[in-house]
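The opening position of the sequence shown corresponds to residue 111 in our numbering, with each subsequent residue numbered one higher.
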Amino acid sequence: MFDCDVLVIGGGIVGLSTAYALTRAAPGTRVTVLEKEHALARHQTGRNSGVIHSGIYYRPGSLKARYAVEGAAEMVKFCAEWGIPHEVTGKIIVATDREELPRLHALVQRGRENGIPVRELGPAQISEYEPRVRGLAAIHVGTTGICDYGAVSERLAEASEARILYGAEVTAIDRRAWGVAVRTADGRVVRAKVLVNCAGLHCDRIARLAGDDPGMRIVPFRGEYYELADPSLVRGLVYPVPDPAFPFLGVHLTRGIDGGVHIGPNAVPALAKEGYGWSVVRPRELGATLAWPGSWAIAREHWRYGAGELHRSLSKRAFTDAVRRLLPVVEESDLRRAAPGVRAQAVLRDGTLVDDFLFREAARTVHVLNAPSPAATASLPIGREVATRALAHL
111 MFDCDVLVIG GGIVGLSTAY ALTRAAPGTR VTVLEKEHAL ARHQTGRNSG
161 VIHSGIYYRP GSLKARYAVE GAAEMVKFCA EWGIPHEVTG KIIVATDREE
211 LPRLHALVQR GRENGIPVRE LGPAQISEYE PRVRGLAAIH VGTTGICDYG
261 AVSERLAEAS EARILYGAEV TAIDRRAWGV AVRTADGRVV RAKVLVNCAG
311 LHCDRIARLA GDDPGMRIVP FRGEYYELAD PSLVRGLVYP VPDPAFPFLG
361 VHLTRGIDGG VHIGPNAVPA LAKEGYGWSV VRPRELGATL AWPGSWAIAR
411 EHWRYGAGEL HRSLSKRAFT DAVRRLLPVV EESDLRRAAP GVRAQAVLRD
461 GTLVDDFLFR EAARTVHVLN APSPAATASL PIGREVATRA LAHL
């Protein structure tokens, strides 16, 4: 009667880590993964900066803090065991004006509360790490690294031995006392005892198809990147001091595993769940975002920040000026457009930006409703958490 024991929707790193954890925790569990694309990790997983985050930014005791710290160590070990390109590079977080110094000192304290080794730097010490970066003060975080999350996803899929169905966009979910039946756009029907929703940008839609009110909506934010024509200008990873009032880290410099240096991202509203450019508009998805009261609450509260991000999106000069705060030698001609990404940000009805990982359960179902950065870093602990919840429904 059942095609599998657990059906996972979404072939990104969280869905694949869940499949991996399921078969590790309960050998013999039959797992199927539905992926609407024709390859794995095509969206958030394959379009992020490739950073293994330390966990320094996140509120002590939160899931993000705990899972990022655990996940960073586990991700390095996983990459080493499976021969996946990675490097523990460390990073510096740089204050460029006096207003940022209290926030920088608060990060030092937060890092120590989260068990993360942090070293405070003065201007001369900043130059030892990054000769062309300028700042009043900085901190060095030694546990940050980089890896290839696409390769991690492929290895998780292989190691889980899950059955993966590609081109399988979910169009209907029928949940009954005996289990769950899911129909895909190509007419396939897959029956399972338990459903796991790891659909990322589309997780709110999947929750509603299952008959559940998620109490949130995914509001997509596009992050646009440039890359340095001369990557020798930056040795490693350089971040600004983030504004805790907004969930984005600001424009930063990231040397990737391929040796190139990405700069970004900014954060602008996307006009579709997969709106990787201003020309990508999906009226139904945009209408759903505009109809959600939380979207307007965000706009009212953060309009000034949003206007700045929009300006940097439309003006290469403005983007370059933002980069110059950290890297004064950079010129517009040094920046080349790189592939953008879209962040799946859960927003509550009152406009609250959900700032932690969010899981919800219903009959025979587990929903992952908020898993933006650092979800790739934290994917192994997240996968275990979701697998534990799913197995409890069997």
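By construction, the Cβ of each residue, glycine as well, lies at the ideal position given by its N, Cα and C atoms.
Residues bridged to residue i by DSSP?
i      : result
Pro330 : Ala454
Pro393 : Answer by DSSP bridge pairing: none, since Pro393 is not bridged.
Phe469 : Val478
Ala291 : Asp284 and Arg301
His250 : Ile202 and Arg229
Arg446 : Glu337
Gly385 : Paired residue(s): none; Gly385 is not in a bridge.
Val506 : Any property of residue 506 remains undetermined from this structure, which presents the chain solely from 111 to 504.
His372 : Glu337 and Thr364
Gly260 : The partner list for Gly260 (beta bridge, DSSP) is empty, contrary to what the question assumes.
Gly255 : Ile162
Ile274 : Val143
Leu463 : Val457
Val118 : Val143 and Val306
Write down the C-beta distance between residue i and residue j rounded to the nearest angstrom, noting that I regard them as a contact closer than 8 Å.
i      : j      : result
Ile236 : Ala248 : 5 Å
Lys303 : Arg474 : 7 Å
Phe469 : Lys174 : With 8 Å as the limit, Phe469 and Lys174 do not qualify as a contact, their Cβ atoms being about 13 Å apart.
Thr498 : Val300 : Incorrect: roughly 23 Å between the Cβ atoms, too far for contact.
Arg505 : Ala407 : Because the chain in this structure spans residues 111 to 504, residue 505 falls outside the shown range and cannot be described.
Val118 : Ala136 : Not quite, the Cβ-Cβ distance comes to about 14 Å (not below 8 Å), so this is no contact.
Asn158 : Gly461 : Rounded, the Cβ-Cβ distance is 25 Å, inconsistent with contact.
Ser185 : Thr399 : The residue asked about is misnamed: residue 185 is Met in this sequence, not Ser. Contact flag wrong, Cβ pair sits at about 32 Å.
Ala454 : Pro341 : So it is not a contact: roughly 29 Å between Cβ atoms.
Arg298 : Ala267 : Between Ala267 and Arg298 the Cβ distance is about 19 Å, and since that is not below 8 Å, they are no contact.
Ala448 : His362 : Not confirmed; about 13 Å, so no contact.
Val457 : Gly404 : 4 Å
Gly260 : Thr364 : Rounded, the Cβ-Cβ distance is 16 Å, inconsistent with contact.
Val506 : Gly225 : The question about residue 506 has no answer here: the residues shown for the chain are numbered 111 through 504.
For residue i versus residue j, is the C-beta spacing smaller than 9 Å?
i      : j      : result
Tyr349 : Ile203 : yes
Val306 : Ser164 : no
Cys308 : Val496 : yes
Thr206 : Leu436 : yes
Tyr415 : Arg332 : no
Val344 : Arg242 : yes
Pro375 : Tyr167 : no
Ala320 : Ile283 : yes
Pro195 : Asp258 : yes
Gly160 : Ile367 : yes
Ser127 : Leu490 : yes
Ala339 : Leu445 : yes
Ile150 : Gly122 : The amino acid occupying residue 150 in the given sequence is Leu; Ile does not appear at that position. Yes, they are a contact pair.
Val218 : Glu230 : yes
Pro227 : His477 : no
His153 : Gly346 : no
Val440 : Thr430 : yes
Thr139 : Leu463 : no
Phe188 : Val262 : yes
Pro170 : Glu240 : no
Met326 : Arg410 : no
Arg208 : Leu246 : yes
On the CB-based measure, 16 or more other CB atoms within 10 Å of its CB, does residue i come out buried or exposed?
i      : result
Pro379 : buried
Trp402 : buried
Asp115 : buried
Lys146 : buried
Ser443 : exposed
Lys383 : buried
His148 : exposed
Ala287 : exposed
Phe111 : It is worth fixing the name first, because residue 111 is Met in this sequence and not Phe. Exposed, because fewer than 16 other Cβ atoms sit within 10 Å of the Cβ of Met111.
Pro484 : buried
Ala131 : buried
Tyr177 : buried
Ser389 : exposed
Ser270 : buried
Ala377 : buried
Ala417 : exposed
Val391 : exposed
Ala481 : buried
Leu504 : exposed
Glu191 : exposed
Asp322 : buried
Ala272 : buried
Arg220 : buried
In chain order, which beta strand (DSSP E) runs of at least 3 residues are fully inside the stretch 177–247? 201–205 and 228–231, all fully within the stretch 177–247.
If we require 3 or more residues per run, which beta strand (DSSP E) segments fall completely within the stretch 305–366? The stretch 305–366 contains these whole beta strand (DSSP E) runs: 326–338, 347–350 and 362–365.
Mind pulling the beta strand (DSSP E) runs of 3 or more residues that sit fully within the stretch 125–176? Entirely contained in the stretch 125–176, the beta strand (DSSP E) runs reaching 3 residues are, in chain order, 141–145.
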